[in-house]
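Here the protein sequences come in this chain order: U and W.
If you count the first sequence from 1, position 92 lands on 92 in the numbering used here, and the numbers rise without skipping.
All you need for the numbering used here is the position in the second sequence, starting with 1, plus 1000.
Ideal Cβ placement from N, Cα and C applies to all residues, glycine included.
Some notes on the structure that comes next.
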Amino acid sequence: MNWYGLYTLFSKEVWRFLKVATQTILAPVITVLLYLLIFVSVLEGHVEVYQGISYSTFLVPGLIMMSIIQNAFANSSSSFFQSKMTGSLVFLLLPPLSSLEFYLAYTGASVLRGLLVGIGVWIAALFFVSLPIYNFWILLSFSILGSALLGSLGLIASIYAERWDHVSAFQNFLILPLTFLSGVFYKLESLPEFWEAASYYNPFFYMIDGFRYGFLGVSEINISLSLLIVSGFLVIVSAICLWILHIGYKIRY
Amino acid sequence: MPPAIKISQLHKHYKTLHALRGVDFEVPTGCFFGLLGPNGAGKSTLINIMAGLVHATHGNVRIMGYDVRQQWRQARQSLGIVPQELVIDPFFSVRQLLRLQSGYFGLGAENNPWIEQLLDSLNLSEKADTNLQRLSGGMKRRVLIAQALVHKPPVIVLDEPTAGVDVELRQALWAFTKHLHKNGHTIVLTTHYLEEAENLCEQFAILNQGELVALDSKSAILARYPYRFLRLTLTNPNVNLPTTLQANVQSIQNGELVLRFHRKNDQIASILDKLRIAKIHFSDLRTEEPSLEDVFLNLTTAKKA
């Protein structure tokens, strides 16, 4: 293993998003606060998802997880795609960095950005709702697994993409619908039967549901099952990502 | 000691293009080597295969004895490539970029003195903390060279380093390259400035349409060209050349007539006789050896016909 090379690439990726932290950390936090403001002011008092839990308390964990995974995806996909477009990717292809080192550096930076945005949203939300932590380790596990999953998905998308609109298509037609249909804003039980059944095939649902358990101590699905399913998806997506890096798909010809 | 670069039976097929057709040669360690060929000859494909940016369809390349596919870490550690295009990462300053690049090769703070030395010898010290976006084209070119050398590779490939570079920088780059060569680095150079290649390189490989058409030392490659030249300064620039000489004319302009003659089959004496019969007078004459350009054109255009 070229550990120092891996560490350097990881630091570079972190450095890159921290240099534009207004756009990469602050902006997503503000966006989520707007969601919070709108949904809570409209629905608070009208909707009670779990007995004894206010709608805002139900909503905030979902919003935190949503921002974690969206930003994890945005980080690896935009960084990698940008270096592909400017051509500076060649400077990462010439050094002795393996597919695994590449994957770990990009995914690691995505996880870190996801966590920072998540913490930002959580702190900001504390001004509006009281949200005690039920199980810290569950929160940490789901946020790391989820952001790693989306980080590697972002890497796959940007390796595949040839134009910016390919990246945004990935984001708009896959990530966004899967997030909105994952139970961030509602409980699956409240959906019509077909959509409820369909939602159980959405991996994002298990991330949101499991993460929410870390705050509320209640979930729709058994927490171990969610953990297993999310880990399973991470393994599958990472394997695909490592494979296309290994064969040099659209990178080395 | 293994050769710096060993290329064995290299083939590369793109979808419809057979870019390399069984290329096979070695670059000795410590050599200043010219890799020449017209556009589309396969030079870039060959360099990219050395760098691991392109995978060969068949055959292999070894850098300092390391197979670029099997022992890719050692092979990449041994190779520094200055790419043809001016590509930059807009996020960092020159010094930051070089430290990152050095880190990718597994080198930490212990390599910083070498980075400073590189900045100094490439006249980049003043711009070391400037963002790359704000550098001129020439400065970016220097940064690319520094980036390629950051891990002290024994083998350095310069792909068209002087394309679009002004005279001053070009000379500085050649001086720097000569210095590297003197310090024991193997240099592989591709360039379209054949005069420069002729002055710098000790050995050449000439590629044409994916095949190696020549591989030799400078003197041997120049000697392959069967013609020499006779340059005459005419007393009267407006002359009618006799048909007997038409075939020998290389060029005629500004009162300078250049005739090409075959080393073995033509004799200077008979050419001079023909000139005398045609009453063409001249005030000066000298013979010239062919340049690399003549050899190059001879080898790369003959093939197409």
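Nearest C-alpha to I251 of chain U among U:L37, U:F80, U:E193, U:R16: U:F80. The bridge partners DSSP lists for I1081 of chain W are W:V1157. At a cut-off of 8 angstroms between C-beta atoms, D1129 of chain W does not count as an interface residue with respect to chain U. Taking 4 residues as the minimum length, the alpha helix (DSSP H) runs contained wholly in the stretch 1146 to 1203 of chain W are 1167 to 1182, 1194 to 1200, in order along the chain. Between the C-alpha atoms of E1168 of chain W and T1287 of chain W there is a straight-line separation of about 32 angstroms. Taking a cut-off of 8 angstroms on C-beta distances, the stretch 1125 to 1135 of chain W does not touch the stretch 115 to 127 of chain U, as fewer than three cross pairs fall below it. Flagged as an interface residue toward chain U: R1073 of chain W, by a C-beta distance shorter than 8 angstroms. Secondary structure of Q70 of chain U (DSSP, three-state): helix. In this structure, U:F185 is the residue among U:I119, U:F185, U:L176 with its C-alpha nearest to the C-alpha of T57 of chain U. Boundaries of the beta strand (DSSP E) harbouring G1059 of chain W: 1058 to 1063, taken from the DSSP string. F215 of chain U: member of the alpha helix (DSSP H) spanning 203 to 216, first to last residue.
Comparing alpha carbon positions, the residue from U:P28, U:I229, U:L225 closest to G114 of chain U is U:P28. Of the other Cβ atoms in all chains shown, fewer than 16 fall within 10 Å of the Cβ of V1249 of chain W; this residue is therefore exposed. Secondary structure of D1024 of chain W (DSSP, three-state): strand. In this structure, the straight-line span from the alpha carbon of L1189 of chain W to that of F1105 of chain W is close to 23 angstroms. For a Cβ distance threshold of 8 angstroms, nothing in chain W lies close to S147 of chain U: the least Cβ distance comes to about 22 angstroms. Using a CB distance cut-off of 8 angstroms, S77 of chain U does not count as an interface residue toward chain W. With contact defined as three or more Cβ pairs closer than 8 angstroms, the stretch 149 to 168 of chain U and the stretch 73 to 90 of chain U are in contact. Along the stretch 102 to 120 of chain U, none of the residues has a CB nearer than 9 angstroms to a CB of chain W. Every unbroken stretch of the alpha helix (DSSP H) spanning 4 or more residues and falling wholly within the stretch 54 to 135 of chain U is given here in chain order: 55 to 86, 90 to 93, 99 to 125. For the stretch 88 to 100 of chain U, the set of positions with a beta-carbon nearer than 9 angstroms to some beta-carbon of chain W reads S88, L89, V90, F91, L92, L93, L94, P95, P96, L97, S98 in chain order.
Residue pairing for V1249 of chain W: DSSP places it in a beta bridge opposite W:L1259.
Going by DSSP, A161 of chain U is part of no beta strand (DSSP E) at all; its letter is neither H nor E.
Beta-bridge annotation (DSSP): F1229 of chain W is paired with W:R1260, W:E1288.
Annotation: T1301 of chain W to M1139 of chain W spans about 36 angstroms, alpha carbon to alpha carbon.
If you look at H1011 of chain W, you'll find it in the beta strand (DSSP E) that goes 1005 to 1013. Using a CB distance below 9 angstroms, the part of the stretch 1089 to 1100 of chain W facing chain U consists of D1089, P1090, F1091, F1092, Q1096, L1097, R1099, L1100, ordered along the chain. Think of a sphere of 7 angstroms around the beta carbon of R1076 of chain W: the chain U residues whose beta carbon falls inside it are L94, P95, P96, in chain order. By the Cβ criterion, the stretch 1204 to 1215 of chain W is not in contact with the stretch 1171 to 1187 of chain W, since fewer than three pairs of Cβ atoms, one from each stretch, lie closer than 8 angstroms.
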